[in-house]
Structures are given as C-alpha cells and as structure tokens.
Amino acid sequence: MDEKRRILIKGMLTGGTLLAFGIPTVTRAVSFSQTFSGSTQNCQLLLGNTSIDEAFAKGAQAACSRHINFHHGTLPAFKLENELLTSPLRIVDLLTQSRNMRWIAVMDYASAAIFTELVRNSERRLLSLGSHMSSSGNDASFPMRHVWTSASPAYSTGRLLAYLLSQDQHDFSIVENFLEQTAVDRAMKDPSLAGFSSYRLAEQPATHLHCAGVSPLEAGQLIGWKTSENWKSVSSRSDESFSDQDKTAAGATIEQLRFDNWIEATGYAVVATALGMETHQESCSSRAFVHRSSQRNPDHQGLSGKHFVSFVIDV
C-alpha cells in the first residue's frame, strides 16, 4: 500500500502537473511587509523526518543568519517523527495554533500527500510547492531537477538557486510555473542572470528561458516543453551589474558562502525567498533555468538519488 501511494505522489509532483491531481490551490497571500514583523519568530521550519533534513536545515539556518533584519541567529524548527501517519490531528492543531506564521516545510513524497490534504482542509495559503530530485545515473541529461508551482514571481526561488548551483558547476534544470503574473517595476524587469542567455517564446511572451552551456531549443526539449524554434533573445544589461544584484539577493558577498552539497543550497534559496531576501522578479507565467557545465562535477557526499518536496505556507 505504501509503495503504491509513493508511486502516485511521484506522479503528482512530476513536470507541470502539480495541481492536476487535486493538490490544494496555490494562492496569493499578503505581502511580506504585512506578514512579518522583523523576527524569525514569524517564520518556522518544519522538517519531515527525512534523510535530507540535516543538509536542508543547514542551508536554511545560513539564510536566516544572513537576514540583516533578524535579531535571532537561528530559525525555529519543528521536527516531525511519524505524526503525519500516526497523529495527523496534531499537525492540524499545529497549523491552527500558529496564526500569522510562515512555515517552510520539507518532506518526502508520501508525507507530502498527507500534508497537502491537511493544508487544503485547514484553508491555509500555500505560496509555493516544489519538487526536488537528483538522479544517480551517469546517462541523465540533467542529474538535478527542480520543479515549482508558485503563487506569483514574488515567491520565486528559481533565480537565486540557479545562481548558487551554477557557482558550483552543477548540471541542473529549474522550472517554475506562476499562477499570477506580478506587475513588475520596469527597472526590475530585466531577466538576465550572470552566465546565462535569456530568451522569450515568440508566440507566448510570458514564457521565459535562461540557458547556460545549452541551446534554447535543446533546453526546451530536455525540460519537456513543447518544441519550438521561435525563441527570441532578450537584450540585457551587463553580466557584471547583475552579478552584483545576485550577491545582494543572497545576502551580500555570496562567494564567502560555500555549500557542501546541492541540498544545502536548496535550503538556503527556499528560506531566503520565504524571508523576503530575493527581490528580483520577472513578469512571466512560466520560466526555466537550464545549466550545463563545461566541467563534470562529481556528486557531493553521495546525495544522488534524493527526492523531496518543499512547501512555503502562510497560516
């Protein structure tokens, strides 16, 4: 029974079909300024008792410690044991009692199935839902894949994570789908990222693609987007200026922040976005970052073959 359930959830969280199986609606929430009062007590980490908890939490705490508006050095964390399977009502009580909180949760696919149902029934605001995986096979086109559905680009993690992973020469793809296009100030609208070439789909201008080491045609095919040759290059400012922006978004002097593995980097990016550290937005409905390194980077600390789900939720 458990194995069948895991297979079903893997199907739920693959590609662009995140909402097709009845996952609770990702909704627009109040702004960061309305939600937070400048303390980590307004944001908590929910660890789902998985093998990646420690690495994810390490990256999460790094993001917290770099948030200049926060006076506390650590992000409060709540670790699940088997509550989702044995005592789901305890999680309901936890969500009910934590009003005006933003939860960042990480768990495996099976637990995510139960958790999303609890979120639906408690009518909480699900801002972002991500599926993260690394494959162990050498024949994989991209050994690291991330797929997100988010309320809007205001809750996007992809750009920051793409920057962090590219610094360590990982091969990866990041696909994001937004349910609402945020109105973006013209000065913030340039989508370029240092080392990436930016494109828009001619027939669907709200579809953006950022490539490094791979053509837009091949990148679209590799991430499962409909094949099209009508990618139009987006002129951009210099890479140098955007490199500076990326450093600012990551909490300044990003070079001083080193991650042991890709899961730590993911934890950092998810929490940094949830805390409001990432401010650069694109006005788009979907976008992808595809990076192919000229180097062959070995897997870090045996973390290939890992799969997990992340959530950002307002309660």
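The opening residue of the sequence shown carries number 54 in our numbering; numbering runs sequentially from there. Yeah, the Cβ is synthetic: ideal placement off N, Cα and C, and Gly gets one too. What you are looking at is a predicted structure, and each value in this text was computed from that prediction instead of being measured.
Reducing DSSP to helix, strand and coil, say where residue 337 ends up.
-> Position 284 of the sequence shown holds residue 337. Three-state result, residue 337: coil.
Three-state secondary structure (DSSP) at residue 183?
-> Translated into the one-based positions of the sequence shown, residue 183 becomes position 130. In the structure shown, residue 183 sits in a strand (DSSP, three-state: E or B).
Close-in-space but distant-in-sequence residues of the same chain around residue 321 (CB under 6 Å, 5 per side omitted) = Here the question's residue 321 lines up with position 268 in the sequence shown. Within the same chain, residue 321 has close Cβ partners 112, 115 and 116.
For residue 96 and residue 213, the rounded distance between their alpha carbons = To locate residue 213, count along the sequence shown from 1; it is residue 160. To locate residue 96, count along the sequence shown from 1; it is residue 43. Residue 213 and residue 96: Cα-Cα distance of roughly 20 Å.
Inter-residue spacing [alpha-carbon to alpha-carbon] between residue 276 and residue 228 | To locate residue 276, count along the sequence shown from 1; it is residue 223. To locate residue 228, count along the sequence shown from 1; it is residue 175. Their backbone Cα atoms lie some 8 Å apart in a straight line.
Establish whether the CB of residue 267 and some CB of chain B are separated by less than 8 Å.
-> Here chain B cannot be found, since the structure has a single protein chain.
Nearest candidate by alpha-carbon position, reference residue 104, set 366, 368, 361 and 367 | Residue 104 sits at position 51 when you count from the first residue of the sequence shown. Nearest of 366, 368, 361 and 367 to residue 104, Cα basis: 361.
Rank 284, 119 and 169 by C-alpha distance to the C-alpha of residue 260 and give the top, closest one.
-> Stepping through the sequence shown from its first residue, residue 260 is reached at position 207. Considering only 284, 119 and 169, the residue with the shortest C-alpha distance to residue 260 is 284.
How would you write the range of the beta strand (DSSP E) that residue 155 sits in, first residue to last?
-> Numbered from its first residue, the sequence shown carries residue 155 at position 102. 155 to 160 is the extent of the beta strand (DSSP E) around residue 155.
Can you give the Cα-Cα distance for residue 209 and residue 246, rounded to whole angstroms?
-> For the purposes of this step, residue 209 is taken as the residue at position 156 of the sequence shown. For the purposes of this step, residue 246 is taken as the residue at position 193 of the sequence shown. For the pair residue 209 and residue 246, the Cα-to-Cα distance works out to about 15 Å.
For residue 174, which residues of its own chain have a beta-carbon under 8 Å away from its beta-carbon, when the five flanking residues on both sides are left out?
-> Residue mapping note: residue 174 aligns to position 121 of the sequence shown, counting from 1. Excluding residues within five positions, the ones whose Cβ falls inside 8 Å are 145.
Can you grab the Cα-Cα spacing for the pair residue 278 / residue 180, in whole Å?
-> Working through the sequence shown from its first residue, we reach residue 278 at position 225. Working through the sequence shown from its first residue, we reach residue 180 at position 127. Distance between the alpha carbons of residue 278 and residue 180 is about 24 Å.
Where residue 225 and residue 265 are concerned, what is the direct C-alpha to C-alpha distance, given to the nearest angstrom?
-> Working through the sequence shown from its first residue, we reach residue 225 at position 172. Working through the sequence shown from its first residue, we reach residue 265 at position 212. Between residue 225 and residue 265, the C-alpha separation is close to 10 Å.
Measure the C-alpha to C-alpha separation of residue 250 and residue 263 and round it to an integer number of angstroms.
-> Working through the sequence shown from its first residue, we reach residue 250 at position 197. Working through the sequence shown from its first residue, we reach residue 263 at position 210. Their Cα atoms are separated by approximately 5 Å.
Collapsed DSSP secondary structure at residue 363 in the structure displayed | In the sequence shown, counting from the first residue as 1, residue 363 sits at position 310. Residue state, collapsed to three classes: strand.
Beta-carbon proximity check, residue 365 vs residue 155, cutoff 8 Å = Stepping through the sequence shown from its first residue, residue 365 is reached at position 312. Stepping through the sequence shown from its first residue, residue 155 is reached at position 102. Taking 8 Å as the Cβ cut-off, residue 365 and residue 155 qualify as a contacting pair.
Have a look at residue 153 and residue 363 and give me their C-alpha separation to the nearest angstrom.
-> Along the sequence shown, read from residue 1 onward, the residue named residue 153 stands at position 100. Along the sequence shown, read from residue 1 onward, the residue named residue 363 stands at position 310. If you take the alpha carbons of residue 153 and residue 363, they lie about 20 Å apart.
Assign residue 132 to buried or exposed, taking buried as 16 or more other Cβ atoms, counted over all protein chains shown, within 10 Å of its Cβ.
-> Here residue 132 corresponds to residue number 79 of the sequence shown, with the count starting at 1. Under this definition residue 132 is an exposed residue.
When the Cα of residue 346 is compared with those of 271, 254 and 223, which residue comes out closest?
-> Translated into the one-based positions of the sequence shown, residue 346 becomes position 293. Taking only the C-alpha atoms, the option nearest residue 346 is 223.
Please classify residue 284: does DSSP put it in a helix, a strand, or coil?
-> Looking up residue 284 in the sequence shown gives position 231. Residue 284: strand per DSSP, three-state reduction.
Cβ-based neighbour list, residue 317, same chain, cut-off 8 Å, excluding 5 preceding and 5 following | In the sequence shown, residue 317 corresponds to position 264, counting from 1. Excluding sequence neighbours, residue 317 sits near 108, 109, 111, 112 and 115.
So, helix, strand or coil for residue 149, using DSSP?
-> To locate residue 149, count along the sequence shown from 1; it is residue 96. Of the three classes helix, strand and coil, the one that applies to residue 149 here is helix, per DSSP.
By DSSP, does residue 202 sit in helix, in strand, or in coil?
-> By 1-based counting over the sequence shown, the position of residue 202 is 149. Reduced to three states, the DSSP call for residue 202 is strand.
Under a three-way DSSP split, which group does residue 99 fall into?
-> Taking the sequence shown and counting its residues from 1, the one referred to as residue 99 is at position 46. If DSSP states are grouped into helix, strand and coil, residue 99 belongs with the strands.
Can you grab the Cα-Cα spacing for the pair residue 298 / residue 139, in whole Å?
-> For this step, residue 298 is matched to residue 245 along the sequence shown. For this step, residue 139 is matched to residue 86 along the sequence shown. Residue confidence is low: residue 298 scores 45 on pLDDT, short of 50, so the model does not pin down where it sits. No coordinate-derived value is stated.
Got a sec? Which residues, its chain only, sit under 8 Å from residue 319 by beta carbon, not counting five neighbours each side?
-> By 1-based counting over the sequence shown, the position of residue 319 is 266. Hits under 8 Å: 109, 112, 185, 199, 214 and 363.
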